[in-house]
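Here the protein sequences line up with chains H and X, keeping their order. Mapping to this note's numbering: the first sequence position 149 is 133, numbers consecutive. Mapping to this note's numbering: the second sequence position 4 is 8, numbers consecutive. Beta carbons: idealized from backbone N, C-alpha and C, even for Gly. Below: one structure, written as structure tokens.
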Amino acid sequence: MTTKPEMSAAEIASAVAGGKMTALAATDAALARIEQHDATLNSFTDVTADRARTKARAIDADIAAGRKVGPLAGVPFAVKNLFDVAGLSTRAGSKINRDLAPAERDATLIERMEAAGAVLVGALNMGEYAYDFTGENVHDGPSRNPHDTTRMSGGSSGGSGSAVGGALVPIALGSDTNGSIRVPSSFCGIFGLKPTYGRLSRARSFPFVASLDHLGPFARSATDLALAYDAMQGPDADDGACTTRGLEPTLPLIANPISDLRIAIAGGHFQKNVFPEAVEAVSRVARALGATKVVDVPEASRARAAAYVITTTEGASLHLDRLRKRPNDFDPAVRDRLIAGAMVPAPLVDRAQKFRRWYRAQLADIFKSVDVLLAPATPCTAPKLGQVNFNLDGVELPVRANIGIHTQPISFIGLPVVAVPVPLEPLPIGVQIICAPWREDIALRVAYALEKMGVVAAPSPRGL
Amino acid sequence: MANPLDDYIDAVSKALALPVEEAWRSAIRANLEVSLRLGRLVDEFALPDETEPAPIFTA
């Protein structure tokens, strides 16, 4: 069996486990595609070819010996470069972190993916220290949108979006503090899962905002997303925020009917500040799901403001010493935001955290009568690289700060979300499938159903 | 005319030993203005005194 560029993780794992393809062939195919296209996409900062081939050969040896292999056997994947990869300095998109000693051990999520048989092929470009929605990086250059390489991949997990959108790998991992999985998913036309806060371990990843940081997978289908997510679940004492809940596998439930679900459209803030393409995408998804009810999410704009305040202050605290000692080695835009963040008075941060508790209770009330909320993932399709402003509802606003306007009020209280790609022309755009805490299974079921209906899909990369 | 925030920026940068070069000042001021505006939006919202903050910490 030969490989093809857009082979899903599920197809690769099945072919490898069934002896129709070797893990080494699957790995070599991904490495060849990276070699062929990454000069254009700039999604990888490190390619771990030797490590990948060693791992792939070990899987092939297991299969030859009749030993059982995991559900991701031979599936190539890559990680945002804030994950620790043994032997690499965890650069987190920065110049400064390149001086760190190489990591001695992989991040927990890499260990779990590899325990399931997946093969790490490299580390991915990202916005500096994850304080970014664009996918641009002054040190490594921008990761590029696979559908139009003059456009943004989205950030801060830009390389993850670009690599999966460009079909270089079927699965990538990224982080999401305010939207950094959902924004690149939207711009690059792929599926992304931001799980419930605390669901997946963040151990041995470089942090940004401890109160809001999440890790999660990107893929080209809902099934692949569930495969990766299920492989990574489970408690981890190395992350103080990680849940002690047991495994709650989603893949066995993914094809269950969705007719019992109460699905509504998020109103208010989520219907403002949108371009026509975002309105069209939400309409298509809502129509397919028969959702007509609009639920106002109270104080979502204020929630976004509170997320902004917590982000800028916790981010500043994290980097305070680096700001003192190496201010000229930061991206100047990131540095100036972080220095300003250090100057925000403490009572405003405390009030933002208290407001977070209040807002969480409002959403808990909404989820008593609704199972799913639909909202735009981004206000627009991918802007041009370097674009500074856009005109939202008649107001000229900075792109960088406003791309996450619809994602921030959701991650603020850690709700699980699957971003699904609506393949509009000329560019795709994402819709958020938002559920109550710990109900990733429902979000994945809805994503799978939409995919089967043909309403959402990861388009073939048009820019390659 | 001096911006009133500049005195505050100077004072906090001294208190925290943070460098603020003149070339960076206008961008830092602009970012701080946004943060304070959004902080005020949160501050204006009345909350009961008993409200607990949200961060999770398990000892």
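C-beta atoms of Arg37 of chain H and Leu8 of chain H nearer than 9 Å
yes
Whole angstroms is fine: what's the gap from Gln337 of chain H's alpha carbon to Ser146 of chain H's?
34 Å
Would you give the residue range spanned by the alpha helix (DSSP H) that Leu40 of chain X belongs to?
Glu26 to Asp47
Cα-Cα separation between Leu36 of chain X and Ser140 of chain H, rounded to whole angstroms
22 Å
With 9 Å set as the bound, which would you pick, yes or no: does the beta-carbon of Asn7 of chain X sit closer than that to a beta-carbon of chain H?
no
Using a Cβ-Cβ distance cut-off of 9 Å, determine whether Glu26 of chain X contacts chain H.
No, its Cβ sits nowhere closer than 9 Å to a Cβ of chain H.
List, in order along the chain, the chain H residues whose C-beta lies closer than 7 Å to that of Asp47 of chain X?
Leu332 and Arg335
Determine the contact status of Thr362 of chain H and Leu322 of chain H, defining contact as a CB-CB distance below 9 Å.
no
Suppose only complete runs of 4+ residues qualify. What are the alpha helix (DSSP H) ranges in the stretch 302 to 333 of chain H, listed by chain order?
316 to 326
Apart from the five residues on each side of it in sequence, which residues of its chain come closer than 6 Å, Cβ to Cβ, to Arg446 of chain H?
His131
Comparing alpha-carbon positions, which option in H:Thr161, H:Ala156, H:Ala114 and H:Leu428 lies nearest Phe202 of chain H?
H:Ala156
Residues in the same chain with beta-carbon distance under 7 Å from Ile417 of chain H, minus the five sequence neighbours each way, listed in chain order, please.
Val356, Leu358, Val401, Val402, Val404, Ala427, Val430 and Ala431
Whole-angstrom distance between Arg340 of chain H and Met(-9) of chain H, CA atom to CA atom:
Just so you know, the alpha carbons of Met(-9) of chain H and Arg340 of chain H end up roughly 41 Å apart.
Quick check: Gly158 of chain H and His123 of chain H, are their CB atoms within less than 9 Å of each other?
Not in contact: Gly158 of chain H and His123 of chain H (Cβ atoms no closer than 9 Å).
Keeping to the same chain, check which residues put their C-beta closer than 6 Å to that of Ala102 of chain H; ignore five residues upstream and five downstream.
Leu56, Val59 and Phe61
How close, in whole Å, do the beta carbons of Glu298 of chain H and Ala194 of chain H come, if the pair is a contact with beta carbons under 8 Å?
Indeed they touch by this definition, with Cβ atoms about 6 Å apart.
Any beta-carbon of chain X closer than 9 Å to the one on Phe339 of chain H?
yes
Since His198 of chain H sits in a beta bridge, which residues does DSSP pair it with?
H:Asp160
When we look at the beta-carbon of Gln217 of chain H and count the other beta-carbons within 10 Å, is it buried (16 or more) or exposed?
buried
Hey, out of H:Lys277, H:Gly125 and H:Arg319, whose CA is closest to Ala23 of chain H's CA?
H:Gly125
Please identify the residue among H:Arg308, H:Asn257, H:Glu232 and H:Ser169 whose C-alpha is closest to the C-alpha of Glu424 of chain H.
H:Glu232
To the nearest whole angstrom, what separates the beta carbons of Thr74 of chain H and Phe190 of chain H, a pair I think is in contact under 8 Å?
5 Å
Near Ser27 of chain H, which residues of its chain fall below 6 Å by C-beta distance, leaving aside the five closest residues on each side in sequence?
Leu108, Asn109, Ser127, Gly143, Ser146 and Ala147
Where does Asn373 of chain H land, buried or exposed, given buried means 16+ other C-beta within 10 angstroms?
exposed
Kindly say whether Pro311 of chain H, judged by its beta-carbon, lies nearer than 9 Å to any beta-carbon of chain X.
yes
How would you list, in chain order, the residues of chain X whose beta-carbon sits under 7 Å from the beta-carbon of Asp320 of chain H?
Trp28, Ala31, Ile32 and Asn35
Count the other CB atoms, across all protein chains shown, that sit within 10 Å of the CB of Lys352 of chain H; report buried if there are 16 or more and exposed otherwise.
exposed
In this structure, what does DSSP give as the bridge partners for Asp30 of chain H?
Answer by DSSP bridge pairing, in chain order: H:Ala107.
Between the stretch 236 to 245 of chain H and the stretch 407 to 416 of chain H, are three or more C-beta pairs nearer than 8 Å?
no
What is the DSSP secondary structure of Asn129 of chain H, reduced to helix, strand or coil?
coil
Taking the C-alpha atoms as reference points, what is the distance between Asp222 of chain H and His303 of chain H?
22 Å
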